[in-house]
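Numbering follows the UniProt record's numbering, with no gaps: position 336 of the sequence shown is 336.
The beta-carbon is built from N, C-alpha and C at its ideal position, and this holds for glycine as well.
Report on one structure; see the data block that follows.
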Amino acid sequence: MKQKTKIIATAGPACENYEVMKELITSGVTAIRANFSHGTGKDHVKKYDIARQVAKDLNVNISLILDTKGPEIRIGKIENDGQMILKNQELNLICGFEIFKTMIGDASKVAVSYDMHLNLKVGDIVLLDDGKLKTKVTKIDNNIVTVLTQNQHFLKTNKRINLPGIEFSIPFLDDKDKNDLLFGISYGVDIVAASFVNNKQNLQELRKFLDENGGQKIQICSKIESQTGIDNIDEIIEYSDSIMVARGDLGLEVNYYQVPQYQQMIIQKCNIAKKEVIVATQMLDSMEINPLPTRAEVTDVYWATTSGADTTMLSGETASGNFPSEAVKTMYEINNQANEDFFANEKQYFEYIWNILINSNDDSKWAYDIAKDVYDKKEDYVFCLVSDYNKLKTLSKYKLYANIIAIFDSPQMHNKIGILNNVFSIKDTENEFLEISQTNKITKKLYDIFNLENKNYQIIKL
């Protein structure tokens, strides 16, 4: 069985050279993500350039993802780039963007980029540095929020603040986000992963900005990272092209023990809605420093795949870890084992695709029938002449036993499928599209590429 579950690798210093990037892509990476929470287009363009060059040399398709900063709160600069904060000490958080830009903090006070004193009350929890420093509000005096630390932590410059359960009114797209998006449009990224999407209005604003600036063909992947996002998940799915279960910030904004429940719920809803779903964050976290994963991490990746995730994602493992290639190979092997086990259980397979059919609001019985036929015949490939991309997404959701080979009538479509489960394509298939459409026979070029002698396959039009 060939690869079905796609893999996103986050680009960073660990893979910012041709040979490592080549190894990631040949090991199973189908999409490259750049995290614009740090840096600008100027900082990330080299990563994209290398990925595109490798994909061109290997004659494969790679989706490029721009992950936005999004609405966020950060602390400002700190003396010596960081200070030790002790347990049970008072720490003053000085709020205001102008203060944030100029103030140098220390062990007793730090600047904050947002007027969060307007949203907080005594007793609220404030988390700093991805939850590594937990504090509780004890006093609010104008723009100064005094908190009591619950643990000791070395706090560095520019770390993020989370306010679990607190509604705040930061603009969804600020100037940096807009400049980053303009770079992405001009460069030609395929997907924007929008951070901290909370409602459909966020997505309407983003779609409008993209469309008005030449980004009409860019797909939007909504990152679910808050309780509000969970509460509005149905409308977010409706207005998104795909969804990412961003478990890092989500686990800070909601009770961490609820994250598995929410992950499963989002996967199920996305599959029924025929939208791609990505599971992300800390999937093989220990492989940043170790060559082998923990058994808990193996189980996490395995269950994400068998639960129906289209794509699994690596973050620090490939961006800054010591073993980026090994992390990709490990994820690839776990995903493949999960898929082999899934298809080996006939009862489980048919229950899965039947559940999608009976819960769908659309007319996708045709896709169910194809999936059943392919499974019964144990076909190796389904060649799809694709004019309707949404039909391709629908077919993907029925988890075909065979690999789906998409033959597009438009060259722009090839790089859109980097997070689409079990769908692959080859470059320059416009001539094949025309010839197969006329003859309903596989061309010699495709016959040779996929070594179709003694293979079972079928051709369908979408």
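With 16 other Cβ atoms within 10 Å as the buried cut-off, status of residue i
| i | result |
| --- | --- |
| Met84 | exposed |
| Arg33 | buried |
| Gly215 | buried |
| Thr305 | buried |
| Pro260 | exposed |
| Gly105 | buried |
| Asn415 | buried |
| Gln227 | buried |
| Leu118 | exposed |
| Ile289 | exposed |
| Pro293 | buried |
| Ile7 | buried |
| Lys47 | buried |
| Thr138 | exposed |
| Ile449 | exposed |
| Ser315 | buried |
| Phe100 | buried |
| Arg295 | exposed |
| His44 | buried |
| Leu210 | buried |
| Asp376 | exposed |
| Gly321 | buried |
| Lys22 | buried |
| Thr68 | buried |
Between the CA atoms of residue j and residue i - distance to the nearest angstrom
| i | j | result |
| --- | --- | --- |
| Ile218 | Asp141 | 45 Å |
| Arg160 | Lys42 | 22 Å |
| Ala309 | Lys109 | 43 Å |
| Ile73 | Glu205 | 20 Å |
| Val126 | Asn80 | 23 Å |
| Cys384 | Ile442 | 11 Å |
| Lys2 | Thr135 | 48 Å |
| Leu420 | Leu400 | 12 Å |
| Met413 | Gly96 | 44 Å |
| Ala11 | Ser63 | 13 Å |
| Thr312 | Gln458 | 28 Å |
| Val423 | Phe168 | 40 Å |
| Thr281 | Ser27 | 20 Å |
| Ile185 | Lys223 | 19 Å |
| Thr439 | Lys176 | 51 Å |
| Glu276 | Leu120 | 36 Å |
| Tyr371 | Tyr447 | According to the sequence as given, residue 371 is Ala; it is not Tyr. C-alpha separation (whole angstroms): 22 Å. |
| Thr30 | Ala9 | 8 Å |
| Asp234 | Val254 | 18 Å |
| Asn456 | Phe196 | 44 Å |
Integer Cβ distance of residue i from residue j, believed to fall under 8 Å
| i | j | result |
| --- | --- | --- |
| Ala402 | Val374 | 5 Å |
| Ile334 | Tyr302 | 5 Å |
| Ser425 | Phe408 | 6 Å |
| Ser387 | Leu462 | 7 Å |
| Gly229 | Ile236 | 6 Å |
| Met287 | Ala327 | 4 Å |
| Asn162 | Leu252 | 4 Å |
| Val279 | Gln263 | 6 Å |
| Ile170 | Tyr114 | 6 Å |
| Ile267 | Ser307 | 5 Å |
| Val122 | Ile94 | Not really, about 17 Å apart at Cβ, beyond 8 Å. |
Secondary structure of residue i, DSSP reduced to three states
| i | result |
| --- | --- |
| Val20 | helix |
| Met103 | coil |
| Met84 | strand |
| Glu225 | coil |
| Asn255 | coil |
| Ser396 | helix |
| Lys275 | coil |
| Tyr114 | coil |
| Thr162 | Checking the displayed sequence, the identity of residue 162 turns out to be Asn instead of Thr. Three-state result, Asn162: strand. |
| Thr135 | strand |
| Leu357 | helix |
| His38 | coil |
| Ser364 | coil |
| Tyr401 | coil |
| Ser410 | coil |
| Asp67 | strand |
| Asp376 | helix |
| Ala309 | coil |
| Val328 | helix |
| Thr318 | helix |
| Phe172 | coil |
Heavy atom of the ligand NAP within 7 Å of residue i beta-carbon
| i | result |
| --- | --- |
| Gln268 | Here there are no bound small molecules, and the ligand NAP is not part of this structure. |
Tell me whether the region 148–162 and the region 174–194 touch, counting them as touching only if at least three CB pairs, one residue from each stretch, are closer than 8 Å. No, the region 148–162 is not in contact with the region 174–194.
Mind the definition here: the region 10–30 touches the region 52–71 only if three or more C-beta pairs lie below 8 Å; say whether that holds. Flag = yes, the region 10–30 and the region 52–71 touch.
Taking three-plus beta-carbon pairs below 8 Å as touching, is the region 359–368 in contact with the region 269–285? With three or more CB-CB distances shorter than 8 Å, the region 359–368 counts as touching the region 269–285.
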